[in-house]
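Here is the structure we will look at, set down as structure tokens.
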Amino acid sequence: MLRKNMDIKVIGAGLSGLSAAFTLAKSGFEVTVYELGRKPSSRIITGIQGFKNFGKRGKILWKIRKDLKLPISSKYFLPLKRGTLLSPSFRECEIYSREPIFYLVKRGFLSEDTIDMQLYFLARDAGAKFIFNKRMEEREGNIVASGPRKGVLWASVMHFENKEEGNEALLYYNNNYAEGGYIWVFRYQNLMDIGILTSKRDKFLPQKLRKLISRLKPLKERTGRAKLILHTHGIGFYDIPSSARRDGRCYVGEAAGFLNASKGEGMYYALASGCLAAKSIITGEDYDKLWKKEFKEELVEGFKKRTVWERMKNKDYEEMIGMLGSRISLEEYREKVRKWMKSKPAVLLYPFFLMKWKLLGKL
Numbered sequence: 026m027l028r029k030n031m032d033i034k035v036i037g038a039g040l041s042g043l044s045a046a047f048t049l050a051k052s053g054f055e056v057t058v059y060e061l062g063r064k065p066s067s068r069i070i071t072g073i074q075g076f077k078n079f080g081k082r083g084k085i086l087w088k089i090r091k092d093l094k095l096p097i098s099s100k101y102f103l104p105l106k107r108g109t110l111l112s113p114s115f116r117e118c119e120i121y122s123r124e125p126i127f128y129l130v131k132r133g134f135l136s137e138d139t140i141d142m143q144l145y146f147l148a149r150d151a152g153a154k155f156i157f158n159k160r161m162e163e164r165e166g167n168i169v170a171s172g173p174r175k176g177v178l179w180a181s182v183m184h185f186e187n188k189e190e191g192n193e194a195l196l197y198y199n200n201n202y203a204e205g206g207y208i209w210v211f212r213y214q215n216l217m218d219i220g221i222l223t224s225k226r227d228k229f230l231p232q233k234l235r236k237l238i239s240r241l242k243p244l245k246e247r248t249g250r251a252k253l254i255l256h257t258h259g260i261g262f263y264d265i266p267s268s269a270r271r272d273g274r275c276y277v278g279e280a281a282g283f284l285n286a287s288k289g290e291g292m293y294y295a296l297a298s299g300c301l302a303a304k305s306i307i308t309g310e311d312y313d314k315l316w317k318k319e320f321k322e323e324l325v326e327g328f329k330k331r332t333v334w335e336r337m338k339n340k341d342y343e344e345m346i347g348m349l350g351s352r353i354s355l356e357e358y359r360e361k362v363r364k365w366m367k368s369k370p371a372v373l374l375y376p377f378f379l380m381k382w383k384l385l386g387k388l
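Okay, so the sequence shown: first residue is 26 according to my numbering, each after it adds one.
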């Protein structure tokens, strides 16, 4: 356990680094965050992302505000009780729930109403110091929050001004464009993101996304009067590490590989791992035991689903969405998809997929 009068060094000012810095500073520790970019979460810039609000994790706002003790105002979380899935042939399925299915949040540093900037303000006001435009070696830090060390998922996102009324979340599955992934549309107040995620490295992904938006009717309709703000690109890295500690350092967020392999979801793991790494410093508890208890089971489940997604063909997406029907409750959706995925032979390949992954050095 480190002493309070020691300067705890956090490398990286993304969500995981910011949550660690706030938790430490709030507990009276001296903490300095070193960020390679000029702003917090400089890797993100802008965008819209979502927290799921169902499953074993439970109510996400309760988890963030009560369990993780991150007092981010609920006004920065947009609840959505409906979402839409599209098959390759544009067969549509609406998923609905009486409770929010997920919450959309704004990301990046271009405005103050993003989850990143709100967490930065909390950490700064609690006493954390920030040094931007500064490169630090991993060995110099106590907590490493430097982001993904390599890409196993690739994304390209076009960010627009939203001129249409209403908020929206849509996923479009089509292996011709997004192999092993999906195309998504998020609309949140005055912003709209259209992005593409794939598990296959593609240097032409940005050009492919631009062509898709100009050609595919569901996307073209949504961008007709919208003004493009920015076009960004990124990578994702997922892992199930045996340990997220190395030479006394705690690795958090995607620096540790804490990303759901199924859909590329990682915000909750970033926040939670940052808080848990800080807790291990504050209390002396074992960091590996903390994160494994909190979310390892979710990571394993996501990895198993990735085994299936990697082998999905367009006919499988058509079958899945056709099986769901045009409208379905969240509870029915989860149960039907669970049974459907268990029926797929690919799910039996999980142990071999995991072994191959390790042999290739990706874990």
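From the three backbone atoms N, C-alpha and C, an ideal C-beta is built for every residue, glycine too.
The beta strand (DSSP E) enclosing residue i, as first and last residue numbers
i	result
Glu405	Nothing can be reported for residue 405, as the shown portion of the chain is limited to 26 through 388.
Arg164	First-last for Arg164: undefined, no H or E at that position.
Ile73	71–77
Ser181	178–186
Tyr59	55–60
Ile36	32–36
First through last residue of the alpha helix (DSSP H) which encompasses residue i
i	result
Thr332	322–334
Ile307	292–308
Arg363	355–367
Arg274	Careful: Arg274 lies outside any alpha helix (DSSP H), inside the beta strand (DSSP E) at 274–276.
Ile346	339–349
Lys51	40–51
Leu315	312–316
Contact belief for residue i with residue j at Cβ below 8 Å, rounded distance in angstroms
i	j	result
Leu110	Cys118	5 Å
Ala180	Leu222	5 Å
Ile454	Ile85	Nothing can be reported for residue 454: it is not among the residues displayed for the chain, which extend from 26 to 388.
Ala251	Phe185	4 Å
Met161	Pro65	Incorrect: roughly 16 Å between the Cβ atoms, too far for contact.
Met366	Phe76	So it is not a contact: roughly 22 Å between Cβ atoms.
Ser122	Leu355	4 Å
Gly205	Ile260	In fact, because the Cβ distance is near 14 Å, the residues do not count as touching under 8 Å.
Buried or exposed by the 16-neighbour rule on C-beta atoms within 10 Å, applied to residue i
i	result
Glu23	Look at the range of the chain in this structure, 26 to 388, and you will see that residue 23 is not part of it.
Glu322	exposed
Glu60	buried
Glu190	exposed
Ser368	exposed
Glu290	buried
Phe229	exposed
Arg63	exposed
Gln74	buried
Pairwise C-alpha distance: residue j and residue i
i	j	result
Phe115	Trp87	36 Å
Arg363	Asp218	28 Å
Val182	Tyr198	16 Å
Glu335	Gly39	29 Å
Ala295	Val277	7 Å
Ile69	Arg132	7 Å
Thr248	Asp32	48 Å
Leu216	Gly309	43 Å
Leu95	Tyr263	24 Å
Lys245	Val210	12 Å
Leu129	Gly273	35 Å
Glu165	Ile36	8 Å
Ile306	Leu234	43 Å
Leu241	Phe146	40 Å
Ser99	Thr139	12 Å
Ile168	Pro125	33 Å
Ser67	Glu137	14 Å
Met348	Gly83	26 Å
Residue i beta carbon near the ligand ZN (any heavy atom closer than 8 Å)
i	result
Met161	In terms of ligand content, the structure shown is empty, and the ligand ZN therefore cannot be addressed.
(request) With a floor of 3 residues, list each beta strand (DSSP E) that falls wholly inside the stretch 192–261, ordered by position along the chain. (result) Runs found: 193–197, 207–213, 216–223, 252–261.
(message) To test your reading of the DSSP string, which unbroken alpha helix (DSSP H) runs of 4 or more residues are found completely within the stretch 82–159?
(response) You should have 140–151.
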